[in-house]
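A short worksheet on the structure shown next.
2 protein chains.
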Amino acid sequence: MNTPTLRKPRRRTAEKQTKAEISRERVLAAAARIFSDRGYAGTTMRAIADGANLQAGSLYYYYPSKELLIEAVLDMGIHGVSASVYSAIAGLPPSTTYADRIRAAISAHLKSILEFGDYALASRRVLGQVPVEVRRKHVVRRDAYGDFWVRLLESAHGAGELRSDVDLKLARTFILGALNSALEWYRPNGMPIDEVAAQFTALIADGIFRR
Amino acid sequence: MNTPTLRKPRRRTAEKQTKAEISRERVLAAAARIFSDRGYAGTTMRAIADGANLQAGSLYYYYPSKELLIEAVLDMGIHGVSASVYSAIAGLPPSTTYADRIRAAISAHLKSILEFGDYALASRRVLGQVPVEVRRKHVVRRDAYGDFWVRLLESAHGAGELRSDVDLKLARTFILGALNSALEWYRPNGMPIDEVAAQFTALIADGIFRR
DNA sequence: GTCTATATGGTGATAGAC
DNA sequence: GTCTATCACCATATAGAC
């Protein structure tokens, strides 16, 4: 508020964001939260504006339409999670077994979906309700991430580290389905994420039955 | 069509449904499909009417509001699935091990969510978008079904059939999360349900890694 | 950058004819 | 039972003041 009306465009730095960048992030965060809560059609631009402490008309300064706003939310979710997982795996020593790579991917995926919370939730819950063009583009990105998992499982299978009767594509949907369900029930003040990750990793690795 | 305008109310039989009952089911089925596709707010009464070959105004002869219509859809999903699973378990011989009861429950759950398709999908996708009162009631029912799973796992654990370090509540959400994800990708012309059930059962029981 | 005011169109629900 | 016509409301998006 009360910023001088005329000022030079600022150099972007890591620490100082312009007023516009701050507002833009507030808008995006509010959008992610409300979209994931009420669905695409159930979310009004007024509600998002309210969550970002703006009036409805002001949103259009940052995003020219509801469609481009949900697209930005979905992008953030998909890119955030996949980039986190890719970088976690890339950071492992070359000698890491595939079994350990899978364990690392499970943990990284779980942590990053919970970290990206509302953005990941929005991907999960509203992707099916979004205008077709937006959906088409994002399904491509989501599938690319799914392919990463299949390749990881294939490598492990080729190295003889998996049970030989496991269907790899089915295993991928099984694993991601189980992990992503944490978005629906995990609460930050509950069990620490690391413990959830350890339990889920054990379940995926060895199942529930005693041997 | 072309039914006489005056006729006595019919006795209900298993084979013959009245015209009203047939239309009512068509409306419910169309509602389940469209709600699960477009979300609660994204579904218009006009679209449902269209799917049921009616005009929008005619829906209100069967359901007095959109809210009561989604409630009927959610009821069908939750009751259908839980009743199927309960009866599958009740039909097992008393001597059945808990491990085998769990296997049977996995298979029954998977088969019935896919059988109830759109109704189960609607529960999964729109429960969070529905008016609070409707949601409140249905969360109670869903939780009751979740408790059944926890009790089943507790019994197995008490009998020493599970790995002792498994967190039972976490295992329940893990199992149901993985199974329910099948709703998002399973297609009737793909892998037979029995085979999916066998694979998922093996994954939940023993995990993916070779020992 | 953010506001207010408003245009244009779609939505749930009702009334009453047939 | 199903239709047509319609009401009252709320949505996205735009225009222009500040």
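Chains A and B, in that order, are what the protein sequence lines are.
Residue numbering for the first sequence follows the numbering used here, beginning at 1 and increasing consecutively.
Residue numbering for the second sequence follows the numbering used here, beginning at 1001 and increasing consecutively.
By construction, the Cβ of each residue, glycine as well, lies at the ideal position given by its N, Cα and C atoms.
A quick note: this is a predicted structure, and the numbers were derived from the prediction, not measured.
Spatial distance of residue i from residue j (CA atoms)
i, j, result
"Asn1082 (chain B)", "Val1126 (chain B)", "The identity of residue 1082 (chain B) in the sequence shown is Ser, whereas the question assumes Asn. Taking the straight line joining both Cα atoms gives about 18 Å."
"Arg1103 (chain B)", "Ala205 (chain A)", "18 Å"
"His1157 (chain B)", "Arg1172 (chain B)", "13 Å"
"Leu162 (chain A)", "Leu176 (chain A)", "17 Å"
"Arg135 (chain A)", "Ala1052 (chain B)", "26 Å"
"Leu54 (chain A)", "Val1132 (chain B)", "26 Å"
"Asp1167 (chain B)", "Gln199 (chain A)", "7 Å"
"Arg98 (chain A)", "Phe1174 (chain B)", "Here the sequence assigns Tyr to residue 98 (chain A), which means Arg is not the residue at that position. C-alpha separation (whole angstroms): 23 Å."
"Leu110 (chain A)", "Gly1190 (chain B)", "29 Å"
"Arg1141 (chain B)", "Ala1122 (chain B)", "15 Å"
"Asp1075 (chain B)", "Ala49 (chain A)", "35 Å"
"Gln1129 (chain B)", "Gly91 (chain A)", "40 Å"
"Lys1019 (chain B)", "Gly39 (chain A)", "35 Å"
"Leu1187 (chain B)", "Ala1197 (chain B)", "Just to set this straight, residue 1187 (chain B) is Arg in the shown sequence, not Leu. Answer to the nearest angstrom: the Cα atoms are 14 Å apart."
"Ile1208 (chain B)", "Thr1201 (chain B)", "11 Å"
"Gly1160 (chain B)", "Ala1032 (chain B)", "42 Å"
"Ser1164 (chain B)", "Ser1087 (chain B)", "29 Å"
"Asn1002 (chain B)", "Ile1113 (chain B)", "In this prediction, Asn1002 (chain B) has a pLDDT of 45, which is less than 50 and means its spatial position is unreliable; what the coordinates show is noted afterwards. Taking the straight line from one Cα to the other gives about 37 Å."
"Gly1042 (chain B)", "Pro93 (chain A)", "48 Å"
"Ile1078 (chain B)", "Ala108 (chain A)", "33 Å"
"Ile89 (chain A)", "Ala1178 (chain B)", "23 Å"
"Arg210 (chain A)", "Arg1151 (chain B)", "18 Å"
"Thr1044 (chain B)", "Ala47 (chain A)", "20 Å"
"Glu1184 (chain B)", "Ile1193 (chain B)", "14 Å"
"Ala182 (chain A)", "His138 (chain A)", "21 Å"
"Ser1023 (chain B)", "Arg1124 (chain B)", "25 Å"
"Arg1101 (chain B)", "Trp149 (chain A)", "31 Å"
Residues that DSSP places opposite residue i in a beta bridge
i, result
"Leu162 (chain A)", "B:Phe1209"
Partners in chain A for residue i, counting only beta-carbon separations shorter than 8 Å
i, result
"Glu1067 (chain B)", "Residues of chain A passing the Cβ test: none, with the nearest at roughly 13 Å."
"Gln1055 (chain B)", "Those do not exist, as Gln1055 (chain B) stays about 22 Å from chain A at its closest Cβ, beyond 8 Å."
"Phe1209 (chain B)", "Ala99, Glu161, Leu162, Arg163, Ala205, Asp206"
Amino acids of chain B, ordered along the chain, whose beta-carbon sits closer than 7 Å to that of residue i
i, result
"Gln199 (chain A)", "Asp1167, Leu1170"
"Val81 (chain A)", "Result: empty, since nearest Cβ-Cβ is about 16 Å, beyond 7 Å."
"Val85 (chain A)", "What Val85 (chain A) touches in chain B: nothing, since even the nearest Cβ is about 17 Å away."
Contact list for residue i against chain B, beta-carbon separation under 9 Å
i, result
"Tyr223 (chain A)", "This structure does not reach residue 223 (chain A), given that chain A is present from 1 up to 211, and the question cannot be answered."
"Val150 (chain A)", "Within chain B, no residue comes near Val150 (chain A); the closest Cβ sits about 13 Å away, beyond 9 Å."
"Val27 (chain A)", "Residues of chain B passing the Cβ test: none, with the nearest at roughly 20 Å."
Neighbour list for residue i in chain B, Cβ cutoff strictly below 8 Å
i, result
"Gly77 (chain A)", "By Cβ distance, chain B contributes nothing, its closest Cβ being about 16 Å from Gly77 (chain A), past 8 Å."
"Val196 (chain A)", "Leu1170"
Contacts that residue i makes with chain A (C-beta to C-beta distance below 7 Å)
i, result
"Thr1173 (chain B)", "Ser181, Trp185"
"Ala1178 (chain B)", "Phe174, Gly177, Ala178"
Are the segment 113-122 of chain A and the segment 132-148 of chain A in contact at 8 Å, needing three or more beta carbon pairs?
Contact between the segment 113-122 of chain A and the segment 132-148 of chain A is absent, because fewer than three Cβ pairs lie under 8 Å.
Would you say the segment 1014-1032 of chain B touches the segment 1061-1073 of chain B, given that touching needs at least three Cβ pairs under 8 Å?
Using a C-beta cut-off of 8 Å, the segment 1014-1032 of chain B makes contact with the segment 1061-1073 of chain B, since at least three inter-stretch Cβ pairs fall below that distance.
Short of 8 Å Cβ to Cβ, which residues in the segment 126-146 of chain A face chain B?
Cβ contacts with chain B: Val126, Gly128, Gln129.
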